[in-house]
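Numbering (full-length UniProt numbering), first residue to last: 1 to 181.
Each remark here refers to the structure printed beneath this line.
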């Protein structure tokens with residue numbers, strides 16, 4: 001009887017972890033969408049950090065030299081305050097894929113667990129709104145790294161749920177989405 005109870009609790013713990021990873025994906029998607037919405041008018045993204053606590057979600061922008069701000073954000077990503085469950089940093093940069101260099105939103109996110117940290121690193125390439133707003137295009141998100149235990153299908157579905165939860169950004173994303181890349 002004891003082994004079955006132990007197995008039952010292990011299954012419950014695994015299910016709870018998977019639900020938290022899906023919440024984490026929604027969190028990342030929401031802030032990625034906010035970043036895309038922010039650059040859709042042709043401006044460069046001001047680097048920002050998004051935090052999720054058990055009771056609140058907030059965004060902090062960082063002004064100054066872009067590289068210095070990214071360095072500061074990376075330090076903060078590795079040293080969260082006690083109440084932060086999820087943290088994401090988003091910044092503008094370039095990414096080269098198959099010889100094509102694109103403006104891209106970079107997102108590095110951490111899920112702070114009692115036994116350690118789970119980290120996801122991804123980008124969303126885009127074409128800037130230059131010289132006209134109609135030139136703006138958003139390409140598919142690309143995972144750079146993520147935990148090997150993550151089931152990519154449900155994680156990606158939850159990521160899109162988070163993207164569509166940002167109403168203004170989702171409108172921009174849907175209008176300018178380009179699935180060619």
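All residues carry an ideal CB built from backbone N, CA and C; glycine is no exception.
Being a predicted model, the structure only gives us computed values, none of them experimental.
Through-space distance from residue j to residue i, alpha-carbon basis
| i | j | result |
| --- | --- | --- |
| residue 153 | residue 61 | 31 Å |
| residue 86 | residue 100 | 32 Å |
| residue 123 | residue 92 | 10 Å |
| residue 105 | residue 79 | 22 Å |
| residue 119 | residue 130 | 33 Å |
| residue 173 | residue 128 | 13 Å |
| residue 114 | residue 70 | 26 Å |
| residue 143 | residue 126 | 15 Å |
| residue 108 | residue 81 | 17 Å |
| residue 30 | residue 72 | 22 Å |
| residue 102 | residue 95 | 5 Å |
| residue 147 | residue 170 | 26 Å |
| residue 168 | residue 117 | 31 Å |
| residue 157 | residue 163 | 10 Å |
| residue 178 | residue 84 | 34 Å |
| residue 68 | residue 159 | 28 Å |
| residue 155 | residue 132 | 34 Å |
Outcome for residue i when other beta-carbon atoms lying within 10 angstroms are tallied against a minimum of 16
| i | result |
| --- | --- |
| residue 54 | exposed |
| residue 32 | buried |
| residue 75 | exposed |
| residue 9 | Unreliable positioning characterises residue 9 in this predicted model, as indicated by a pLDDT of 40, which lies under 50. The coordinate reading is nonetheless provided below. So residue 9 ends up on the exposed side. |
| residue 51 | buried |
| residue 140 | exposed |
| residue 64 | exposed |
| residue 16 | Any reading at residue 16 is ruled out, since the residue's pLDDT is 41, under 50, leaving its predicted position unreliable. |
Cβ-Cβ separation, residue j to residue i (assumed contact under 8 Å), whole Å
| i | j | result |
| --- | --- | --- |
| residue 110 | residue 77 | 6 Å |
| residue 48 | residue 90 | 6 Å |
| residue 21 | residue 150 | 6 Å |
CB of residue i within 8 Å of CB of residue j, strictly
| i | j | result |
| --- | --- | --- |
| residue 181 | residue 26 | no |
| residue 28 | residue 88 | yes |
| residue 176 | residue 34 | no |
Within 8 Å, do at least three Cβ pairs link the region 130 to 138 to the region 39 to 48?
yes
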